[in-house]
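A.B. asks: For the sequence shown, the residue numbers in this note's numbering are 283 to 922. Pasting a structure here, questions to come.
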Amino acid sequence: MIVMLGYVSVFVAVILGLLIVYANNFLINRRKKEFGIYMTLGMGRRQISKIILMETILVGIISLIIGLTIGVFASQFMSILVAKMFEVDMSEFKFIFSKDACIKTGIYFAVIYIAVMFFNTITVSKYKLINLINASRKNEKVKIKNPFLCILVFMLSATLLGYAYWKVTKDVKSLITADKLLPPILMGIVGTILVFWSLSGFILQVIQMRKKIYLKDTNMFVLRQINNKINTMVISMSVICLMLFMTISILSSSLALRNTMQRELIEMTPVDLNLYKTANLPKSYKKYGKKIKTTQKQREDSKITMVETLENNKLDMNVLKDVVEISVYATKDLTWEKFLGNKYEEIKEKFPGLAYDTKEQIIKISDYNKIARLYGIDEYELKDNEYIVLCDFTSMEEVRNKALSNGENILRIAEKEYKSKYTECKSGFIQMSTSHTNTGIILVPDDCPLTDDMKEMAFLAANYNANTDEEKERIQKIFEDGNSNSELLKNLNANGLEIDGLSKITIMEASIGLATIVTFIAIYLGIIFLIASSAILALKQLTEASDNKQRYTILRKIGCEEKMINKALFRQIGIFFIVPLVLAIVHSIFGIQFAIEMMSGLASKNDLLPSAIMTVIIIGAIYGAYFLATYIGSKNIIKE
């Protein structure tokens, strides 16, 4: 998590650096008239640059000290919040000051402010006295005038966005590499910019033709105010929209992932322990590309049951209860390719990356039902000539259902033919996991002529014979890798034997760690993007309110009531805040679907609604607070 946060922090520093440069540019523009007065009084550009430099250093030092102080204490609150979200044990919690984080923050902050001072120097060096004195009265040159061109550009942007939406939802399976994913991303960015470019020139033209709307109350003034800064609005709106889109997508997807993982973690860890070992070890085999020779002792041990192996290596079986052991079979005559039958070529073309030579796992129905009974999941029945496919990994389930859909998928197992009982996969598993990752198990009748040489794995499921968490932890250590005090592990190592396994405790710890990392970083990035986009909007509107005080004074002089003026200001700020948010929400509808598809098997679409509601609450609180603060601040400015 520390390593990942290190990389993310660099990215965030760049985002915040751009925000600070952007904010500083607004503040410098706001002070143009002030600088013009200084130059009128005889002050040179170099002296003005020195003033700005000293101000920047002073503000930087003060803000760094205050920010670090708040950050040290706020980080403790964030730690507690994340721990509570994942029900982490807080008994070991203590106050922590990270010296490395403090040093990094100082370095990033120094780099950002050096960049700010550099931009300030360049900006001041380009100032002309006449432009500084008249800065507040000067509008940007409006270049978007032709309504037909705007309509054409809007249609082009709608086409680009529509195609990008289609690619990331309906044609998402084709986006298997980065080079194929890049075009929809670029089309989304370009389409967003073109939407604001076309709307900014087109909406004014349309509303001007609707006289009842255009001439009502202060609508004409509001539209002219928006049109006044039309060029910078296009760029800033596009950037803000994309940042809000990332915020919504990141928060919704990560919270959905967290909810799914927490729910499935309970479903997929029904017992305390899974143990499994390879059956029928050959004289030599390849592992991680290396050829490994086996001993006579290892080959003999692979043929006996798991319980016998444990007892032979001095495990007191009284530490376990509810013990169920089964055999898992496999044969080279039944691979994924053979299972898919006449659908193989079609599926291979669509999913070229699958290992189609993988052997299918085969389990007798009575053996599986023993495990299912222990796990508390569905049991099944079979006739002598039927089989059932168990699969709960979403992507693989889709592949297998294509092969089963016509009801004619005949499998030949141990010289006997079987037909599928169902035209789709059924839910089930034997190995515990953090989520639904079973890619396929073939259940066959008990009289299926499977031979001992077809056994691939001996599998054991059990609970710890314990009543308290402390007793479970003690038994857990017997099976933990690296425990030098475990007599079982000592004996297994001495005999060169391997038994793999998973425990409920280990899976939960690993899952909580992964979910915490993903969610913490997602919340961190999402809130940074949200604050950055809100701050840009707030700065822009506050600066424009300051620049346009004279215009609001004119409204008062021609008889506008204060209530009407405030309403005009509210509408103007509301349009700037709402428009990018609306398009960001549209982007997010498709972006979240893409994210969930990419996290297939980890996050469920059923968890999107509560995640979306939580995201709305977070965005509503922060974005809404910035909107209200901007409106109140702007209202106070125009009253001065």
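We treat Cβ as the ideally placed atom computed from N, Cα and C, and that holds for glycine.
To the nearest angstrom, how far is the alpha carbon of Glu879 from that of Met543?
C.D. replies: Computed Cα separation, rounded: 15 Å.
A.B. asks: So, using beta-carbon positions, are Lys449 and Pro466 closer together than 7 Å?
C.D. replies: Going by C-beta atoms, Lys449 is nearer than 7 Å to Pro466.
A.B. asks: Beta-carbon within less than 6 Å of Asn306's beta-carbon, same chain only, minus the 5 sequence neighbours each way: which residues are those?
C.D. replies: Val398
A.B. asks: To the nearest angstrom, how far is the alpha carbon of Leu346 from that of Cys384?
C.D. replies: 10 Å
A.B. asks: Compare the beta carbon distance of Pro552 and Gly658 with 7 Å and say whether it is the shorter of the two.
C.D. replies: Yes.
A.B. asks: Which residues share a DSSP beta bridge with Phe741?
C.D. replies: Tyr558, Ile608
A.B. asks: Give the list of continuous beta strand (DSSP E) stretches no shorter than 3 residues that lie fully inside the stretch 795–856.
C.D. replies: none
A.B. asks: Does the beta-carbon of Leu434 have 16 or more other beta-carbons within 10 angstroms, so that it is buried, or is it exposed?
C.D. replies: exposed
A.B. asks: How would you label Asp674, buried or exposed, when you count the other beta carbons within 10 angstroms and need 16 or more for buried?
C.D. replies: buried
A.B. asks: Hey, could you find the ends of the alpha helix (DSSP H) Ser677 is sitting in?
C.D. replies: 676–686
A.B. asks: In whole angstroms, give me the CA-to-CA distance for Ile426 and Met491.
C.D. replies: With a pLDDT of only 48 at Ile426, under the threshold of 50, the placement of this residue in the model should not be trusted; the figure read from the coordinates follows. About 17 Å.
A.B. asks: What's the gap between the Cα of Val1002 and the Cα of Ser291?
C.D. replies: The structure shown does not extend to residue 1002, since the chain spans only 283 to 922, so no value can be given for it.
A.B. asks: If you compare alpha carbons, which of Thr529, Asp728, Lys703, Val681 is closest to Gly873?
C.D. replies: Thr529
A.B. asks: Tell me which residues share the same chain as Asp639 and place their Cβ nearer than 7 Å to its Cβ, disregarding the 5 neighbours each side in the sequence.
C.D. replies: So the list reads Thr617, Glu619, once near-sequence residues are dropped.
A.B. asks: What is the rounded straight-line gap between the Cα of Glu753 and the Cα of Leu350?
C.D. replies: 44 Å
A.B. asks: Report the residue from Ser439, Lys452, Ala744, Leu837 whose alpha carbon sits nearest the alpha carbon of Asp604.
C.D. replies: Taking the Cα of Asp604 as reference, the smallest distance to any Cα among Ser439, Lys452, Ala744, Leu837 is reached at Ala744.
A.B. asks: From this set, Tyr558, Ser357, Ala538, which residue's C-alpha is nearest Asp782's C-alpha?
C.D. replies: Out of Tyr558, Ser357, Ala538, Tyr558 has the C-alpha closest to the C-alpha of Asp782.
A.B. asks: For Ile239, is the classification buried or exposed, using 16 other Cβ atoms within 10 angstroms of its Cβ as the cut-off for buried?
C.D. replies: In this structure the chain extends from 283 to 922, so residue 239 is not present and cannot be described.
A.B. asks: Looking at C-alpha atoms only, which residue of Leu533, Leu779, Gly299, Tyr304 is the closest neighbour of Tyr806?
C.D. replies: If you compare the alpha carbons of Leu533, Leu779, Gly299, Tyr304 with that of Tyr806, the shortest gap goes to Leu533.
A.B. asks: Can you tell me where the alpha helix (DSSP H) holding Leu725 begins and where it ends?
C.D. replies: Looking at the DSSP string, Leu725 is not in any alpha helix (DSSP H); the run it does join, the beta strand (DSSP E), is 723–726.
A.B. asks: Among residues of its own chain, excluding the 5 on either side of Ser785, which ones have a beta-carbon nearer than 7 Å to its beta-carbon?
C.D. replies: Excluding positions up to five away in sequence, the list reads Asp554, Leu555, Gln758, Phe761.
A.B. asks: Can you look up Asp751 in the DSSP assignment and give me helix, strand or coil?
C.D. replies: Residue state, collapsed to three classes: helix.
A.B. asks: How about Ser566 and Lys573: do their beta carbons lie closer than 7 Å?
C.D. replies: Contact: yes.
A.B. asks: CA-CA distance, Thr912 and Ser828?
C.D. replies: 12 Å
A.B. asks: What residue from Thr405, Ser380, Thr825, Lys366 has the CA that sits closest to Ser331's CA?
C.D. replies: Closest option to Ser331, judged by alpha-carbon separation, among Thr405, Ser380, Thr825, Lys366: Thr405.
A.B. asks: Could you tell me the distance, in whole angstroms, from the CA atom of Tyr320 to the CA atom of Lys314?
C.D. replies: Rounded to the nearest whole angstrom, the C-alpha separation of Tyr320 and Lys314 is 10 Å.
A.B. asks: Considering Val589, what are the terminal residues of the beta strand (DSSP E) in which it resides?
C.D. replies: Taken as a continuous stretch (DSSP letters only), Val589 belongs to no beta strand (DSSP E), being part of the alpha helix (DSSP H) at 588–594.
A.B. asks: Spell out the partners DSSP gives Lys575 in its beta bridges.
C.D. replies: Ser566
A.B. asks: Residue ranges of each alpha helix (DSSP H) run of no fewer than 4 residues wholly in the stretch 618–669, ordered along the chain?
C.D. replies: The stretch 618–669 contains, as complete alpha helix (DSSP H) runs of 4+ residues, the segments 618–622, 626–632, 647–657 (chain order).
A.B. asks: Taking DSSP's pairing of strands, which residues face Asp461 in a bridge?
C.D. replies: Asp461 is not bridged to any residue.
A.B. asks: Can you list, in chain order, the residues of its chain whose CB lies under 7 Å from that of Pro892, leaving out five sequence neighbours each side?
C.D. replies: If we look at Pro892 and ignore the five residues flanking it on each side, its Cβ neighbours are Asn541.
A.B. asks: Specify, as a first and last residue, the run of the alpha helix (DSSP H) that Gly689 falls within.
C.D. replies: Neither: Gly689 is in no alpha helix (DSSP H) and is coded neither H nor E.
A.B. asks: Helix, strand or coil for Gly783, going by three-state DSSP, please let me know.
C.D. replies: In this structure, Gly783 counts as strand in the three-state DSSP scheme.
A.B. asks: Which stretch, first to last residue, makes up the beta strand (DSSP E) that contains Ser702?
C.D. replies: Its beta strand (DSSP E) spans residues 698–702.
A.B. asks: Grab me the residues of Asp697's own chain with a C-beta within less than 8 Å of its C-beta, minus the 5 sequence neighbours each way, in chain order.
C.D. replies: It should be pointed out that residue 697 corresponds to Glu in this sequence rather than to Asp. Excluding positions up to five away in sequence, the list reads Pro731.
A.B. asks: Please work out which residues of its chain come closer than 8 Å, Cβ to Cβ, to Glu628, disregarding the five sequence neighbours upstream and downstream, and give them in chain order.
C.D. replies: Lys684
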